Amino acid sequence: MRRAGEGASGGSRLGAEAVIKVDNLSFRYLGSEDYALKDVSLEVKRGDFVVLAGRSGCGKTTLLRCLNGLIPNFYEGDFSGRVLVCGMDTRETPPHILSQKAGLVFQNPDNQLFALSVEADVAFPLENLGLPREVILERVEWALKLLGIEDLRDRSPFELSGGQKQKVAIASILAMKPDVLLLDEPTSSLDPASAKSLIDSIVELNLREGLTIIISEHRLELLLPHASRLMVMDRGRIVYDSDPRSVLEGGDLLAYGIALPKVSEVARYVNLRGGCLRFEKIPLSVDEFVERVRGVVE
Amino acid sequence: MIAFESVEFVYPSGVKALDGVSLRIGDGEVVALMGENGAGKTTLLKHLNGLLKPTNGRVLVDGVDTRKATVAQLARTVGLVFQNAEDMFFSSSVWEEVAFALRNFGYGERVVERRVDWALKFMELEKYSDASPFMLSGGEKKRLALAVILAWSPKVIALDEPTTGQDQLQKEKLLQMIKLLREQGRTVIISTHDVEFAAQLKPRVILMRRGRIVADGEADEIFLDEELLGSCNLLPPQIVSLTKRLGFLGIEPSLKHPREVADEIIDRLEGLSRKA
Numbered sequence: 050m051r052r053a054g055e056g057a058s059g060g061s062r063l064g065a066e067a068v069i070k071v072d073n074l075s076f077r078y079l080g081s082e083d084y085a086l087k088d089v090s091l092e093v094k095r096g097d098f099v100v101l102a103g104r105s106g107c108g109k110t111t112l113l114r115c116l117n118g119l120i121p122n123f124y125e126g127d128f129s130g131r132v133l134v135c136g137m138d139t140r141e142t143p144p145h146i147l148s149q150k151a152g153l154v155f156q157n158p159d160n161q162l163f164a165l166s167v168e169a170d171v172a173f174p175l176e177n178l179g180l181p182r183e184v185i186l187e188r189v190e191w192a193l194k195l196l197g198i199e200d201l202r203d204r205s206p207f208e209l210s211g212g213q214k215q216k217v218a219i220a221s222i223l224a225m226k227p228d229v230l231l232l233d234e235p236t237s238s239l240d241p242a243s244a245k246s247l248i249d250s251i252v253e254l255n256l257r258e259g260l261t262i263i264i265s266e267h268r269l270e271l272l273l274p275h276a277s278r279l280m281v282m283d284r285g286r287i288v289y290d291s292d293p294r295s296v297l298e299g300g301d302l303l304a305y306g307i308a309l310p311k312v313s314e315v316a317r318y319v320n321l322r323g324g325c326l327r328f329e330k331i332p333l334s335v336d337e338f339v340e341r342v343r344g345v346v347e
Numbered sequence: 530m531i532a533f534e535s536v537e538f539v540y541p542s543g544v545k546a547l548d549g550v551s552l553r554i555g556d557g558e559v560v561a562l563m564g565e566n567g568a569g570k571t572t573l574l575k576h577l578n579g580l581l582k583p584t585n586g587r588v589l590v591d592g593v594d595t596r597k598a599t600v601a602q603l604a605r606t607v608g609l610v611f612q613n614a615e616d617m618f619f620s621s622s623v624w625e626e627v628a629f630a631l632r633n634f635g636y637g638e639r640v641v642e643r644r645v646d647w648a649l650k651f652m653e654l655e656k657y658s659d660a661s662p663f664m665l666s667g668g669e670k671k672r673l674a675l676a677v678i679l680a681w682s683p684k685v686i687a688l689d690e691p692t693t694g695q696d697q698l699q700k701e702k703l704l705q706m707i708k709l710l711r712e713q714g715r716t717v718i719i720s721t722h723d724v725e726f727a728a729q730l731k732p733r734v735i736l737m738r739r740g741r742i743v744a745d746g747e748a749d750e751i752f753l754d755e756e757l758l759g760s761c762n763l764l765p766p767q768i769v770s771l772t773k774r775l776g777f778l779g780i781e782p783s784l785k786h787p788r789e790v791a792d793e794i795i796d797r798l799e800g801l802s803r804k805a
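Protein sequences, first through last, are from chains A and B. 347 is the number that my numbering gives the last residue of the first sequence; the numbers go up by one with no jumps. 805 is the number that my numbering gives the last residue of the second sequence; the numbers go up by one with no jumps.
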């Protein structure tokens with residue numbers, strides 16, 4: 050099994066099967082003058098952990114909607130090019146099949162939850178698929194356990210905290226056993242400790258289950274140490290797509306609305322000043338930074 | 530000057546959202562209310578312009594008891610930008626949305642025009658002047674809500690979670706705007722759990738938990754207390770986590786700028802190598 054971060058030399062893993070393939074995709078929403086996506090091509094391999102970043106309005110949400118078929122099946126507009134999810138063209142595949150391949154978690158979990166109990170919420174899409182009862186029970190159990198929320202099963206989703214709700218929303222997607230988990234700024238309404246706990250869970254899903262993850266986020270310091278790819282978008286196009294360290298070293302990310310993790314920023318200043326300490330590789334976490342400094346001291 | 534005197538607030542559901550809050554905020558202060566979701570930050574902000582009135586205790590805005598004033602009266606002094614900005618739009622165009630309150634306050638059409646144009650430009654929304662507010666993205670709606678308030682220029686500006694869904698460039702812009710408002714002598718009160726943003730702003734920090742104020746001090750002091758932050762579901766800024774781990778170089782934990790931290794590290798390392 051592949052561990053996230055191993056792709057650090059080249060972003061995506063060579064040889065692995067492509068779960069998502071996008072060819073020359075352009076999309077313009079009905080009634081809008083500008084294209085939200087302009088000639089986007091990309092490939093995501095099984096096990097990849099992709100962080101999507103860029104200014105708000107750059108096309109992240111639109112791209113995610115294309116990857117699970119919401120566009121063009123639900124949102125109207127001009128669509129050209131092609132999106133393949135597990136080899137299936139999103140324009141020709143019924144939503145209930147597609148939703149078992151690529152599941153999308155929204156910013157606001159309230160839009161995804163509605164049942165009387167957490168368990169019922171997670172089971173609902175499976176019941177809709179007409180799966181046998183024992184399969185449903187087993188999958189619900191598996192999904193609750195993966196997110197560490199077994200103890201919430203009988204609670205009403207409405208009495209949960211934002212972070213707990215978001216985990217329930219993810220569990221209900223996971224129970225469909227998708228090949229790809231898509232997340233659209235899932236932590237934006239959470240307090241920092243809840244956000245960290247959620248991101249830790251997502252990282253675990255990639256590490257332990259090898260699940261392919263594509264997540265859009267503004268705050269990167271919690272994600273980058275684990276991501277295999279950082280994809281930066283600008284005005285509907287992909288402008289960087291590589292392992293996070295190369296992207297951080299290569300570009301002026303602030304122009305794309307991206308905050309460098311503070312440790313990376315300190316390392317940059319250290320390198321600018323020059324002297325007895327130099328970071329060959331820009332650190333992505335406090336641990337990496339401290340390790341390098343200790344190496345110099347010893 | 531704003532004063533909360535032993536304020537309690539109980540929602541009709543029975544939830545006590547403020548539990549004995551006493552607080553003074555002077556003119557020109559920049560204050561960040563921080564704490565986990567449900568700590569009472571938004572409830573406190575809604576007391577500033579009288580949207581909510583205390584169940585017990587009282588709130589004074591420039592000496593006026595909010596229970597004895599209407600929201601419309603208080604709004605001239607206190608502009609509040611909601612977290613769910615999209616909930617408050619109702620005009621057919623972005624331009625009209627900003628103009629509405631100004632006309633309501635009785636400004637002449639020429640002043641309205643100048644102020645609306647200025648506010649939209651400042652928030653980078655001028656290209657959407659004729660668009661429907663509902664066509665905007667989440668981040669743009671947020672900026673529109675801010676433009677609405679900035680246009681009528683109240684003395685106290687309260688922002689509920691202003692950085693949610695904003696990218697780094699917009700955050701820097703927001704930071705500049707708050708600094709500008711501070712220079713103009715306005716009072717700015719924000720609720721946020723964006724610790725990195727607050728670390729850059731360096732405001733007076735008021736930590737809340739379960740309807741109470743648990744700490745009130747300068748950012749430089751509160752953000753160094755990991756345990757205190759943790760008890761409010763907050764994490765320290767990364768620069769604090771980093772400097773805390775560099776004690777072996779003789780570096781003190783701090784909220785310094787990354788460039789200063791970099792200089793400090795190199796100075797210490799050079800000192801060590803000279804000794805050796």
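The beta-carbon is built from N, C-alpha and C at its ideal position, and this holds for glycine as well. Keep in mind the model is a prediction, meaning the values are calculated, not measured.
TODO: Check whether the Cβ of Arg284/A lies closer than 9 Å to any Cβ atom in chain B.
DONE: Taking the first residue of the first sequence as 1, we reach residue 284/A at position 235. Output row for Arg284/A: interface = no.
Open item on the list: Strictly below 7 Å CB to CB, what residues from chain B border Tyr318/A?
Closed with: To locate residue 318/A, count along the first sequence from 1; it is residue 269. Result: Pro787, Arg788 and Ala791.
- [ ] Just the C-alpha distance for Met50/A and Cys135/A, rounded to the nearest angstrom, thanks.
- [x] Residue 50/A sits at position 1 when you count from the first residue of the first sequence. Residue 135/A sits at position 86 when you count from the first residue of the first sequence. Only weak support is given to the placement of Met50/A: the predicted model assigns it a pLDDT of 35, under 50, and the question is left unresolved by the model.
Task: Residues in the region 294-326 of chain A having any Cβ partner in chain B nearer than 7 Å - done: Of all residues in the region 294-326 of chain A, only Leu303, Gly306, Ile307, Ala308, Pro310, Lys311, Val312, Glu314, Val315, Tyr318, Val319, Arg322, Gly324, Cys325 and Leu326 come within less than 7 Å of chain B when Cβ atoms are compared, listed by chain position.
Task: Status (buried if at least 16 other CB within 10 Å, exposed otherwise) for Tyr305/A - done: Taking the first sequence and counting its residues from 1, one reaches residue 305/A at position 256. Its Cβ being crowded by 16 or more others within 10 Å, Tyr305/A is buried.
Open item on the list: Can you confirm whether Met617/B, when its beta carbon is compared against all beta carbons of chain A, has any partner nearer than 9 Å?
Closed with: Working through the second sequence from its first residue, we reach residue 617/B at position 88. The beta carbon of Met617/B does not come within 9 Å of any beta carbon belonging to chain A, so the residue lies off that interface.
- [ ] Report the three-state DSSP secondary structure of Ala546/B (helix, strand or coil).
- [x] In the second sequence, the residue the question calls residue 546/B occupies position 17. Shown here, Ala546/B sits in a strand according to DSSP, grouped into three states.
- [ ] For Val724/B, go through chain A and note every residue whose CB falls closer than 9 Å to its CB, in chain order.
- [x] Counted from its first residue, the second sequence places residue 724/B at position 195. Correct list: Pro241.
Task: Expected contact under 8 Å - CB spacing of Val189/A and Pro206/A to nearest Å - done: Position 140 of the first sequence, counted from the first residue, corresponds to residue 189/A. Position 157 of the first sequence, counted from the first residue, corresponds to residue 206/A. No, Val189/A and Pro206/A are not in contact; Cβ-Cβ is about 14 Å, not under 8 Å.
TODO: Whole angstroms is fine: what's the gap from Glu55/A's alpha carbon to Met652/B's?
DONE: Along the first sequence, one-based indexing puts residue 55/A at 6. Along the second sequence, one-based indexing puts residue 652/B at 123. The pLDDT assigned to Glu55/A is 39, lower than 50, so where the model puts this residue is not dependable; a value taken from the coordinates is nonetheless given after this. Spanning the two alpha carbons is a distance of roughly 42 Å.
TODO: Would you mind working out which of Asn566/B, Leu709/B, Phe777/B and Gly668/B sits nearest Gly740/B, comparing C-alpha positions?
DONE: Here residue 740/B refers to the residue found at position 211 when the second sequence is read from its first residue. Comparing Cα-Cα distances from Gly740/B to each of Asn566/B, Leu709/B, Phe777/B and Gly668/B, the minimum goes to Asn566/B.
Task: the region 234-268 of chain A: positions lying closer than 9 Å to chain B by Cβ - done: For the region 234-268 of chain A, the set of positions with a beta-carbon nearer than 9 Å to some beta-carbon of chain B reads Glu234, Ser237, Ser238, Leu239, Asp240, Pro241, Ala242, Ser243, Ala244, Lys245, His267 and Arg268 in chain order.
- [ ] To the nearest angstrom, report how far apart Ser58/A and Asp616/B are at their CA atoms.
- [x] Taking the first residue of the first sequence as position 1, residue 58/A is located at position 9. Taking the first residue of the second sequence as position 1, residue 616/B is located at position 87. Model confidence at Ser58/A stands at a pLDDT of 39, short of 50, so the residue's coordinates are unreliable; what they give is reported in the following sentence. Annotation: Ser58/A to Asp616/B spans about 46 Å, alpha carbon to alpha carbon.
- [ ] List the whole-angstrom C-beta distance separating Gly69/A from Val229/A, where the pair is believed to meet the contact cut-off of C-beta under 8 Å.
- [x] Translated into positions along the first sequence, residue 69/A becomes position 20. Translated into positions along the first sequence, residue 229/A becomes position 180. First, the residue type needs correcting, since residue 69/A is Ile and not Gly in the sequence shown. Yes, Ile69/A and Val229/A are in contact; Cβ-Cβ is about 6 Å, under 8 Å.
Task: Residues bridged to Thr599/B [DSSP beta-bridge criterion] - done: Looking up residue 599/B in the second sequence gives position 70. Answer is none; Thr599/B lacks a bridge partner.
Task: Leu718/B, enclosing beta strand (DSSP E) - first and last residue - done: To locate residue 718/B, count along the second sequence from 1; it is residue 189. According to the sequence as given, residue 718/B is Ile; it is not Leu. Taken as a continuous stretch (DSSP letters only), the beta strand (DSSP E) holding Ile718/B covers Thr716 to Ser720.
Task: Min CB distance Ser535/B to chain A below 9 Å - done: Here the question's residue 535/B lines up with position 6 in the second sequence. By this cut-off, Ser535/B is not an interface position.
TODO: Note down, in chain order, each residue of its chain lying with its Cβ closer than 6 Å to the Cβ of Leu577/B, except the 5 sequence neighbours on either side.
DONE: Walking along the second sequence from the start, residue 577/B turns up at place 48. Same-chain partners within the cutoff: Val607 and Ala687.
- [ ] Would you tell me roughly how many angstroms separate the C-alpha atoms of Leu178/A and Leu116/A, rounded to the nearest one?
- [x] Counting from one through the first sequence, the residue named residue 178/A turns up at place 129. Counting from one through the first sequence, the residue named residue 116/A turns up at place 67. The alpha-carbon separation between Leu178/A and Leu116/A amounts to approximately 21 Å.
Task: Through-space distance from Arg268/A to Asp301/A, alpha-carbon basis - done: Start at 1 with the first residue of the first sequence, and residue 301/A comes out as number 252. Start at 1 with the first residue of the first sequence, and residue 268/A comes out as number 219. Near 16 Å, if we compare the C-alpha coordinates of Arg268/A and Asp301/A.
TODO: Determine the closest residue to Leu247/A out of Leu223/A, Gln215/A and Ser277/A, with distance taken between C-alpha atoms.
DONE: Along the first sequence, read from residue 1 onward, the residue named residue 247/A stands at position 198. Considering only alpha carbons, the answer is Gln215/A.
- [ ] Compare the Cα-Cα distances from Val93/A to each of Leu223/A, Met282/A, Leu309/A and Thr261/A and report the closest residue.
- [x] Translated into the one-based positions of the first sequence, residue 93/A becomes position 44. Per the Cα distances, Thr261/A.
Open item on the list: Extract the residue ranges of the alpha helix (DSSP H) inside the region 170-222 of chain A, only unbroken runs of 4 or more that lie entirely within it.
Closed with: Listed in chain order, the complete alpha helix (DSSP H) runs (minimum 4 residues) inside the region 170-222 of chain A are 182-195.
Open item on the list: At a CB distance below 8 Å, what residues from the region 763-784 of chain B approach chain A? Give them in sequence order.
Closed with: If the cut-off is 8 Å between Cβ atoms, the region 763-784 of chain B has Leu763, Leu764, Pro766, Gln767, Ile768, Ser770, Leu771, Arg774, Leu775, Phe777 and Leu778 near chain A.
Task: chain A contact for Thr595/B (CB, 9 Å cutoff) - done: Looking up residue 595/B in the second sequence gives position 66. No, Thr595/B lies away from the interface with chain A (no Cβ there is under 9 Å from its Cβ).
- [ ] List the residues of chain A that Ser720/B touches, going by C-beta distances under 9 Å, in chain order.
- [x] In the second sequence, counting from the first residue as 1, residue 720/B sits at position 191. Within chain A, no C-beta atom comes less than 9 Å from the C-beta of Ser720/B; the nearest is roughly 11 Å away.
Task: Other residues of its chain near Thr772/B: CB distance less than 8 Å, five sequence neighbours each side excluded - done: Translated into positions along the second sequence, residue 772/B becomes position 243. Excluding its 5 nearest sequence neighbours in each direction, Thr772/B has C-beta neighbours in its own chain below 8 Å: Ile780, Glu781, Pro782, Ser783, Lys785 and Val790, listed in chain order.
Open item on the list: Taking its Cβ as the centre, do 16 or more other Cβ atoms sit within 10 Å of Ala805/B, making it buried, or is it exposed?
Closed with: In the second sequence, the residue the question calls residue 805/B occupies position 276. Under this definition Ala805/B is an exposed residue.
TODO: Could you spell out where the alpha helix (DSSP H) holding Ala308/A opens and where it closes?
DONE: If you number the first sequence from 1, residue 308/A lands on position 259. Following the DSSP letters along the chain, one finds Ala308/A in no alpha helix (DSSP H), marked with neither H nor E.
TODO: Please say whether Gly694/B and Ser105/A have beta carbons closer to each other than 9 Å?
DONE: Locating residue 105/A in the first sequence gives position 56, counting from the first residue. Locating residue 694/B in the second sequence gives position 165, counting from the first residue. In this structure, Ser105/A places its C-beta atom within 9 Å of the C-beta atom of Gly694/B.
Open item on the list: Does the region 310-327 of chain A come into contact with the region 546-560 of chain B, if we say contact requires no fewer than three beta-carbon pairs (one atom in each stretch) closer than 8 Å?
Closed with: In this structure the region 310-327 of chain A does not touch the region 546-560 of chain B; the number of beta carbon pairs closer than 8 Å is below three.
- [ ] Report the three-state DSSP secondary structure of Ser802/B (helix, strand or coil).
- [x] Locating residue 802/B in the second sequence gives position 273, where the first residue counts as 1. Helix at Ser802/B.
Task: 9 Å Cβ cutoff met for Ile307/A and Gly103/A - done: The residue you call residue 307/A lines up with position 258 of the first sequence. The residue you call residue 103/A lines up with position 54 of the first sequence. A Cβ-Cβ contact shorter than 9 Å links Ile307/A with Gly103/A.
Open item on the list: Out of Asn762/B, Glu669/B, Asp754/B and Met563/B, which one is the CA nearest neighbour of Val521/B?
Closed with: Summary: the structure shown does not reach residue 521/B, with chain B confined to residues 530 through 805, and so no result is reported for it.
- [ ] Determine, using beta carbons only, whether Thr507/B comes closer than 9 Å to chain A.
- [x] Shown here, chain B extends from 530 to 805; a query on residue 507/B therefore has no answer.
Open item on the list: Rounded to whole angstroms, what is the Cα-Cα separation between Glu298/A and Ala316/A?
Closed with: Indexing the first sequence from 1 puts residue 298/A at position 249. Indexing the first sequence from 1 puts residue 316/A at position 267. Distance between Glu298/A and Ala316/A, taken at the CA atoms: about 11 Å.
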